[in-house]
Amino acid sequence: MKDKFRKDIALLTAEAFALSFPEVKEHHSELFIFDPPQIYSRLETPRDSQMGNYALPLFELAKALKKNPAELNKKLAESQNGLTLETKEFSHLSFTVAGGFNNARIKTEILAKAAIDSVLEEEESYGSSDEGQGRKIVIDFSSPNIAKPFGIGHLRSTAIGNSLYRIYQKLGYTSVGINHLGDWGTQFGKMIVAYRKWGDEKLLQDEPVKRLFELYVKFHKEEEQDTALSDMAREAFKALEDGNEEAIALWQKFKDYSMADFNKIYSMMGVHFDYQTGESFYNDKMDAVIERFQKAGLTEISDGALIINLEKFNLPACLLRRADGATLYATRDITGVLYRWQTFNFEKALYVVCSAQRDHFRQVFKAIELLEEAEKVPVEKRIAPRLVHVEFGWIKLENAMMSTRKGNIIFLEDVLNKAISLASEKIIEKNPDLKEIDKTAKQIGLGAVIFADLSTRKEKDVNFDWDKVLNFEGETGPYLQYTHARLCSLIRNYGKPINSNINYAYLNNPEEYRVLDIIYRFPFIVREVADAYDPNLMVSYLLELAGAFNKVYQRKSADGKIDKIISDDADLTATRMALVESVRIVIQEGLYLLGISAPEEM
RNA sequence: GCCCCCGUAGCUCAGAGGAUAGAGCAGAGGUUUCCUAAACCUUUGGCCGCAGGUUCGACUCCUGCCGGGGGUACCA
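Note that the first sequence ends on residue 618 in the numbering used here; no numbers are left out.
So, in structure tokens, the structure goes:
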């Protein structure tokens, strides 16, 4: 029971019910209504904060007791309100009856004090916690493939992973970001063959990654006519794995060009990795792991390949070695899990990878689980329960799957640049005197793209839509940034220190109350994002907060004029400015947790 | 064939047992003697894919069907 108000309501409600229905307590003491933790978890958020901050549905209880819900509720509420008068600890609460919903409301001053005092005191660390105790969360994200351009398809993993990285840091964990680059595998056999056949050094001068990508597409086209190419590619990859010098030199060249491209994008987006260890990093570590599985008696030979049979678990067999002896990505991922455990002793390891790879990760996790069972690893030291596949849907293009092989792909760099130049145009149109136009345009353009990507629940497929990504109005990143900039502007105009002369009772209109309610919930939202592994919850939250504040900002008083935040009434203004600063901090911090910056002017 | 995900307003999406199903975009109308109009207000628009079932209560859970997508061992 972490939410203080919620806890108070649960305690009071249990007590009130026992007082008003002593006969029920005697015969049915097992009912949830007598147990504060159960009440706590049943409390809901009403549709409209005007109805209250918390709602307890009593239908089930009424049914169990064969009573009318509204009448039961009425008697309960009377008893609850009686207690709020008698007991000082509960004096900030009041209860109302709405049919079968028992609604609790927190007194404005108390809610305002709880929300604003915490934010002003903790500033950027509002919402943070020490629950992680420095334990490690390993996050595998972004993970593009070498020799292919960084497509829009990699944006989701990058944006979600980066956000979770920051969320876990905020909760007191040590985040470890790993870019598991796709720098190994049969595809490099293909690249090597394609380069030898059609490529040369001169070709790669201007835009090497795009040229390499064209070779890759060409290879797949030619492969359809000429199946000998597939065999050549397999052989070339085998040569690479066997350490053939020429093959390695080519591979290294592809890798260097790609990394230069990727790093440009990461630095633009402010994404940081602690390790950029790709698949090739595990080359010399796989033999020992394969041996471990063999020793544990988990492997068998099937059609010449070394496999772990997972039929019992309704999964396809997990291949450790192909018939020709080469390893596969499952081998590398399994090795990666064991290596990371040994290196980081993590609390959890997250794999932010699209849902098409669901079966793959089930196989990998199952393989680890079987190994630990076979080796009789003590339960508390097992890795398998700590592994999480954070899966997300595809990015589709005009409702068709994007396919790197077919060349049907949008380059992320093009999207970012387009968004930035559009942001720049908007600034020149709307605020031409702005000092740092380039820097701000970059923040806004990136904010728009990242926000658009995170604004769909992660498991759903998203259709890439230029108009949506390049839209700066409505539910968008720039809308939040604009709200933040306007808050900053208020603070500049006010020009006095905030957090003095505060009388919270001044915050007495419904629009302000709603903002207070939302600010108070921020720490719980941070927690929920971590539990669901979905930054989309933060997206919705911030839109709600910004919307609620914008209503305060443009609220009209009885005379039909805007009820301005900065007015002649010094005390009222001081109090409202405390609210302004609180909203500003929460929006800034919320955006940070999404990987988006909050400009002070735009 | 088998397994998994998705189907909500013209479009893009929230809601995932509870109150009258909500936002944004697009359409219509309005708000600024300027606390940044990238905003705000009003308004049009819904058999929540279809049919059963469970429940005090179902867009939400279960079953079947229809439609879209993905996976289904030597690609990742």
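For every residue, glycine included, the Cβ atom is placed at its ideal position computed from N, Cα and C.
My assumption, with CB atoms under 8 Å, is that residue i sits in contact with residue j. Please give the rounded CB distance.
i    : j    : result
A435 : V465 : 5 Å
I324 : L336 : 7 Å
S598 : I535 : 6 Å
L403 : V353 : 7 Å
I281 : L387 : That pair is no contact at about 37 Å.
G143 : E605 : 7 Å
L496 : L558 : 5 Å
L256 : Y211 : Not confirmed; about 12 Å, so no contact.
I636 : L109 : Here the chain comprises residues numbered 17 to 618, so residue 636 is not present and cannot be evaluated.
DSSP state of residue i, grouped into three classes?
i    : result
S471 : coil
P2   : Because the chain here runs from 17 to 618, residue 2 falls outside it and cannot be looked at.
G150 : coil
K90  : helix
E407 : strand
R398 : coil
G169 : helix
K451 : coil
V542 : helix
L59  : coil
R502 : helix
R337 : strand
T343 : strand
N552 : helix
N84  : coil
Pull up the DSSP beta-bridge partners for residue i, would you.
i    : result
L109 : I122
S318 : A321
A365 : V154 and L403
A114 : F117
I194 : D156 and Y291
I578 : K572
F427 : G167
N161 : G198
Considering only their Cβ atoms, is the gap separating residue j from residue i smaller than 8 Å?
i    : j    : result
L503 : R374 : no
K41  : A34  : yes
Y355 : Y291 : no
S65  : D533 : yes
F289 : N195 : yes
F480 : I411 : yes
E307 : Y345 : no
L219 : Y273 : no
P551 : L470 : yes
G463 : G493 : yes
L561 : V602 : yes
H500 : A594 : no
Y350 : V380 : In the sequence on display, residue 350 carries Ile and not Tyr. Contact: yes.
A546 : Y184 : yes
L77  : L88  : yes
A390 : A312 : yes
L588 : S179 : no
A342 : G320 : no
L366 : V406 : yes
Comparing the CB of residue i with every heavy atom of the ligand ADP, is any distance shorter than 7 Å?
i    : result
E605 : No copy of the ligand ADP appears in this structure; indeed no ligand is present at all.
TODO: Please determine if the region 230-240 and the region 330-338 are in contact, where contact requires at least 3 C-beta pairs separated by less than 8 Å.
DONE: No contact exists between the region 230-240 and the region 330-338.
Open item on the list: Under 8 Å: do the region 238-258 and the region 190-205 share three or more Cβ pairs, one atom per stretch?
Closed with: yes
Open item on the list: Does the region 514-530 come into contact with the region 455-472, if we say contact requires no fewer than three beta-carbon pairs (one atom in each stretch) closer than 8 Å?
Closed with: no
Open item on the list: Quick test of the definition: if touching needs 3 or more C-beta pairs under 8 Å, does the region 563-573 touch the region 472-488?
Closed with: Contact between the region 563-573 and the region 472-488 is absent, because fewer than three Cβ pairs lie under 8 Å.
- [ ] May I ask you to verify whether the region 582-598 touches the region 432-451, counting CB pairs closer than 8 Å and requiring at least 3?
- [x] Contact fails between the region 582-598 and the region 432-451, because fewer than three Cβ pairs, one in each stretch, are under 8 Å apart.
Open item on the list: When you compare the region 124-139 with the region 152-170, are there three or more beta-carbon pairs, one atom per stretch, that lie closer than 8 Å?
Closed with: no
TODO: Determine, using beta-carbon pairs with one atom in the region 111-125 and one in the region 150-160, whether at least three such pairs fall under 8 Å.
DONE: no
Open item on the list: Within 8 Å, do at least three Cβ pairs link the region 70-80 to the region 95-105?
Closed with: no
Task: Any 3 or more C-beta pairs closer than 8 Å across the region 179-195 and the region 235-246 - done: no
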